[in-house]
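Undergrad: One structure coming up, written as structure tokens, with questions to follow.
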Amino acid sequence: MATKSSTESKDEGADTSNSPFIWAAEKPTGASLEKLCIDEILQKYCGEFGRWQLRHFVLTSLAWALEAFHTMVMIFADREPEWRCLDGAAGWECDPSAKSVCRFEPGSWEWMGDSTVVEWGLFCADKFKVGLVQAVFFGGCMIGAGTFGHLSDSVLGRKGSLTVVCALNTIFGTLTAFSPSYSFYIFFRFLTGCSTGGVGLCAFVLATEPVGPRSRGTTGMCTFYFFSSGIAMLSVIAYIFPTWRKLYIASSIPSLLFLLFVLPFISESPRWYLIRGRKSEAMKVITAMATTNGSHIPKGVRLILDHQSPQLPQLPPPPLSSLSCNSIQEQVLAEVNSLSESQNQEKLVSDSILLGSPKGSTCHAAVAGSLVDVIRSPMTRSRLILAVVINFLCSVVYYGLSLNVVNLETNLYLTVILNAVAEMPAFMITAIFLDRWGRKPLTIATLWFSGVFCFAGSLVRNVGVWKGVRMICGILGIFGMAGTYNLLFIYTAELFPTVVRNAALGCATQAAQMGAILAPLVVVIGGSFPFMIFALCGLGGGFFAFYLPETLNQPLYDTLTGMEATENSVTSSIV
Numbered sequence: 001m002a003t004k005s006s007t008e009s010k011d012e013g014a015d016t017s018n019s020p021f022i023w024a025a026e027k028p029t030g031a032s033l034e035k036l037c038i039d040e041i042l043q044k045y046c047g048e049f050g051r052w053q054l055r056h057f058v059l060t061s062l063a064w065a066l067e068a069f070h071t072m073v074m075i076f077a078d079r080e081p082e083w084r085c086l087d088g089a090a091g092w093e094c095d096p097s098a099k100s101v102c103r104f105e106p107g108s109w110e111w112m113g114d115s116t117v118v119e120w121g122l123f124c125a126d127k128f129k130v131g132l133v134q135a136v137f138f139g140g141c142m143i144g145a146g147t148f149g150h151l152s153d154s155v156l157g158r159k160g161s162l163t164v165v166c167a168l169n170t171i172f173g174t175l176t177a178f179s180p181s182y183s184f185y186i187f188f189r190f191l192t193g194c195s196t197g198g199v200g201l202c203a204f205v206l207a208t209e210p211v212g213p214r215s216r217g218t219t220g221m222c223t224f225y226f227f228s229s230g231i232a233m234l235s236v237i238a239y240i241f242p243t244w245r246k247l248y249i250a251s252s253i254p255s256l257l258f259l260l261f262v263l264p265f266i267s268e269s270p271r272w273y274l275i276r277g278r279k280s281e282a283m284k285v286i287t288a289m290a291t292t293n294g295s296h297i298p299k300g301v302r303l304i305l306d307h308q309s310p311q312l313p314q315l316p317p318p319p320l321s322s323l324s325c326n327s328i329q330e331q332v333l334a335e336v337n338s339l340s341e342s343q344n345q346e347k348l349v350s351d352s353i354l355l356g357s358p359k360g361s362t363c364h365a366a367v368a369g370s371l372v373d374v375i376r377s378p379m380t381r382s383r384l385i386l387a388v389v390i391n392f393l394c395s396v397v398y399y400g401l402s403l404n405v406v407n408l409e410t411n412l413y414l415t416v417i418l419n420a421v422a423e424m425p426a427f428m429i430t431a432i433f434l435d436r437w438g439r440k441p442l443t444i445a446t447l448w449f450s451g452v453f454c455f456a457g458s459l460v461r462n463v464g465v466w467k468g469v470r471m472i473c474g475i476l477g478i479f480g481m482a483g484t485y486n487l488l489f490i491y492t493a494e495l496f497p498t499v500v501r502n503a504a505l506g507c508a509t510q511a512a513q514m515g516a517i518l519a520p521l522v523v524v525i526g527g528s529f530p531f532m533i534f535a536l537c538g539l540g541g542g543f544f545a546f547y548l549p550e551t552l553n554q555p556l557y558d559t560l561t562g563m564e565a566t567e568n569s570v571t572s573s574i575v
């Protein structure tokens, strides 16, 4: 019997095509395997922003209009309508030129519209209850952002979380219309806030994750046109339905329509599939994307997580529970090939149960992550703290200046439309320079732009012609901060890997909601003080942004391990 040469034996040992420990679907077919991350496969085969991404982006971003409906409906539902003095003796002591009805006797005047203020007498001594409703709503948004940020990264996924929040918005928004008392009203607004807090962040991440690195920034900025358009559309709806109960029903129905007729045509994020160990479903979405964009994925292409990329330095193997099934298989086979023949037999026997299991049976491990993992890592911990602080400061300025603009003595419906339209040039200009200047310089520039004009507004007295100067300072301040507020969504999403992206973005959104709660308290003070506070917040936010890393043209990482390894290797090469 002829003996095999050492070279032949080695080649045979390296041939794993007939190995019983490799799933049939993954056996080599003669073509060499090409292992690519999602960003790489988008750039090489699918296209970074083709027809598939355009359709997916538009359908998903429609959810931003729904968030605008549920958030800004309070402007019309909780407004204080005009009033008039009664004719005859009843209105004898009523002064029609007065700015308030608080000093008039009840029965000498009457309201000329419908709102919650009229329904439950939320004026004069009880006027604070209107602000309380707003604060409670944003408090619910803060809770919802954290809750659904975590759920969208874990069990529900991006699409699943968006489905849940749209369903809850439909229910809670409609129940608000039937509130029998102020207590029920504020309770249902809190519940609506809890669900609304998850709409924007889930829609943003779901819309931008399938987009390639070079188009992701501009695409992300365009999502906020839908929010501003939603505010303008809400003004038209409020004009058609002037009573507050009908308005709440009319603003909730679009959430139901989105749930029934739009969500079924939206795909789950392939990145979420990948980190959950569901490679076949991730590859199915990627394949459909390539086909729609007029391309195809070769049979030898294999989808991997970023920490498995051959371009990265050798990494210690992640914990078993944090790996996908294919990753576990690769790790064990690598260990087997590195052992001697006698050791191989023992290793194969001990791992045969793990590797021999058919696909989809006993091996369902997935990459998981939470805010705890973000805090444990020094790199992501510092990023999270900075993102939270900057989002909080930006929100105080954005919502504070928005309230000051609404105080203009003009038609309410027209004012809201103009405010929404005024933000759009900021989105466009930011999108133009986003991929030229980078995220970090643009964030600093827009924060300081807003801060400088707010500081100028604090130096101007609100008398005579200087009223117009202060108004212009406020408009320019909100112009700069609108660009910053929306840019921070893109920047924050790119600072963290897929496994914790929505959790981190949800945490930053919670900070923004807290700023939204505090903004009205600053505005109530009046005078030059609010402008001074807004200036300090804008200038301080720009200072903190100096410590954030640039993310322009950087990959959208999948795991904490892959991000840390790449960032550390880049730092080492620079040093």
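full-length UniProt numbering puts the first residue of the sequence shown at 1, with every later residue one more than the last. A virtual CB, placed ideally from N, CA and C, is assigned to each residue, including glycine. This structure is a prediction, so every number in the text was calculated from the model and none was measured.
Take residue 186 and list the residues in its own chain whose beta-carbon comes closer than 6 Å to its own, dropping the five residues that flank it on each side.
TA: The answer, listed in chain order, is 133, 136.
Undergrad: Could you tell me the boundaries of the beta strand (DSSP E) in which residue 199 lies?
TA: From DSSP, residue 199 is part of no beta strand (DSSP E) but of the alpha helix (DSSP H) over 199-208.
Undergrad: Can you give me the Cβ contacts of residue 72 inside the same chain, cut-off strictly under 6 Å, excluding the 5 residues immediately before and after it?
TA: Only 231, 234 meet the Cβ criterion.
Undergrad: Under a Cβ-count criterion, where at least 16 other Cβ atoms within 10 Å of its own Cβ denotes burial, should residue 577 be classed as buried or exposed?
TA: Here the chain comprises residues numbered 1 to 575, so residue 577 is not present and cannot be evaluated.
Undergrad: If you reduce the DSSP assignment to three classes, tell me which class residue 383 lands in.
TA: Note: residue 383 maps to helix in three-state DSSP.
Undergrad: Just how far apart, CA to CA, sit residue 294 and residue 37?
TA: Cα-Cα distance, rounded: 20 Å.
Undergrad: When we look at the beta-carbon of residue 266 and count the other beta-carbons within 10 Å, is it buried (16 or more) or exposed?
TA: It counts as buried.
Undergrad: Assuming contact is defined by CB atoms lying nearer than 8 Å, are residue 206 and residue 159 in contact in what I supplied?
TA: For residue 206 and residue 159, yes; Cβs fall inside 8 Å.
Undergrad: Kindly indicate which residue of 481, 532, 98, 387 has the alpha-carbon position closest to the one of residue 83.
TA: Ranking 481, 532, 98, 387 by Cα distance to residue 83 puts 98 first.
Undergrad: Are the beta-carbon atoms belonging to residue 468 and residue 426 less than 8 Å from one another?
TA: Result no, Cβ atoms of residue 468 and residue 426 do not sit closer than 8 Å.
Undergrad: What is the DSSP secondary structure of residue 34, counted as helix, strand or coil?
TA: The answer is strand: DSSP assigns residue 34 an E or B state.
Undergrad: Have a look at 478, 449, 530, 522 and flag the residue whose alpha-carbon is nearest the alpha-carbon of residue 542.
TA: Selected option, being the one with the closest Cα: 449.
Undergrad: If you follow the alpha helix (DSSP H) that residue 166 is in, where does it begin and where does it stop?
TA: That run of the alpha helix (DSSP H) goes 157-177.
Undergrad: Which one of 222, 503, 437 has the shortest CA to CA distance from residue 551?
TA: Of the listed residues, the one whose Cα sits closest to residue 551 is 437.
Undergrad: Is it true that the region 65-80 meets the region 234-246, where meeting means three or more beta-carbon pairs spaced less than 8 Å apart?
TA: Contact between the region 65-80 and the region 234-246 is present, because at least three Cβ pairs lie under 8 Å.
Undergrad: If residue 179 sits next to residue 188, beta carbons under 8 Å apart, how far is it from one beta carbon to the other, in whole angstroms?
TA: Right, their Cβ atoms sit about 6 Å apart.
Undergrad: Can you check whether the CB of residue 447 is closer than 8 Å to the CB of residue 538?
TA: Contact: yes.
Undergrad: Counting Cβ pairs, one atom from each stretch, are 3 or more of them under 8 Å apart for the region 92-107 and the region 58-65?
TA: With the cut-off at 8 Å, the region 92-107 and the region 58-65 do not touch.
Undergrad: Could you tell me the alpha carbon to alpha carbon distance between residue 430 and residue 226, rounded to whole angstroms?
TA: Between residue 430 and residue 226, the C-alpha separation is close to 16 Å.
Undergrad: Sorted by chain position, which residues of the same chain lie with C-beta nearer than 8 Å to residue 254's C-beta, five sequence neighbours on each side aside?
TA: Excluding sequence neighbours, residue 254 sits near 65, 66, 69.
Undergrad: Could you have a look at residue 461 and say whether DSSP puts it in helix, strand or coil?
TA: Looking at residue 461 - three-state DSSP - the assignment turns out to be coil, as it is neither helix nor strand.
Undergrad: Using the beta-carbon count (16 or more within 10 Å), is residue 465 buried or exposed?
TA: That one is exposed.
Undergrad: With burial defined as no fewer than 16 other Cβ atoms inside 10 Å of the residue's Cβ, what is the status of residue 92: buried or exposed?
TA: That one is exposed.
Undergrad: Are residue 498 and residue 435 touching if we call contact CB-CB under 8 Å?
TA: In this structure, residue 435 does not lie closer than 8 Å to residue 498 by Cβ.
Undergrad: State the beta-bridge partners of residue 189 as determined by DSSP.
TA: In DSSP, residue 189 forms no bridge with anything.
Undergrad: Please give me, in chain order, every unbroken run of the alpha helix (DSSP H) with length at least 4 that falls completely inside the region 459-522.
TA: The region 459-522 contains these whole alpha helix (DSSP H) runs: 466-494.
Undergrad: Which residue or residues does DSSP assign as beta-bridge partners of residue 85?
TA: In the DSSP output, where bridge partners are listed per residue, residue 85 has 109.
Undergrad: Would residue 161 and residue 202 qualify as a contact pair, given that the criterion is a beta-carbon distance under 8 Å?
TA: Yes, the pair counts as a contact, with Cβ atoms nearer than the cut-off.
Undergrad: Where residue 355 and residue 277 are concerned, what is the direct C-alpha to C-alpha distance, given to the nearest angstrom?
TA: The predicted position of residue 355 is uncertain, since its pLDDT is 40 and thus under 50; no value can be drawn from it.
Undergrad: Counting only the same chain and skipping the five closest in sequence on each side, list residues whose C-beta sits under 7 Å from that of residue 271.
TA: Same-chain partners within the cutoff: 38, 209, 498, 558.
Undergrad: Could you name the residues of the same chain whose beta carbon sits closer than 8 Å to that of residue 349, not counting the 5 residues immediately before and after it, in chain order?
TA: Any reading at residue 349 must be qualified, since the residue scores a pLDDT of 38, below 50, and its modelled position is unreliable; the value itself is stated next. Excluding positions up to five away in sequence, the list is empty.
Undergrad: Using the Cα positions of residue 122 and residue 104, report the straight-line distance between them to the nearest angstrom.
TA: Between residue 122 and residue 104, the C-alpha separation is close to 16 Å.
Undergrad: Give, in chain order, every unbroken run of the alpha helix (DSSP H) that is at least 4 residues long and sits entirely within the region 222-303.
TA: If we require 4 residues or more, the alpha helix (DSSP H) runs fully inside the region 222-303 come out as 244-261, 270-275, 279-292.
Undergrad: For residue 535, which of helix, strand or coil comes out of DSSP?
TA: If DSSP states are grouped into helix, strand and coil, residue 535 belongs with the helices.
Undergrad: Residue range of the alpha helix (DSSP H) that residue 146 falls in?
TA: Here the alpha helix (DSSP H) through residue 146 covers 128-153.
Undergrad: Closest to residue 269 by CA distance: which of 118, 389, 204 is it?
TA: When only C-alpha atoms are compared, the closest one is 204.
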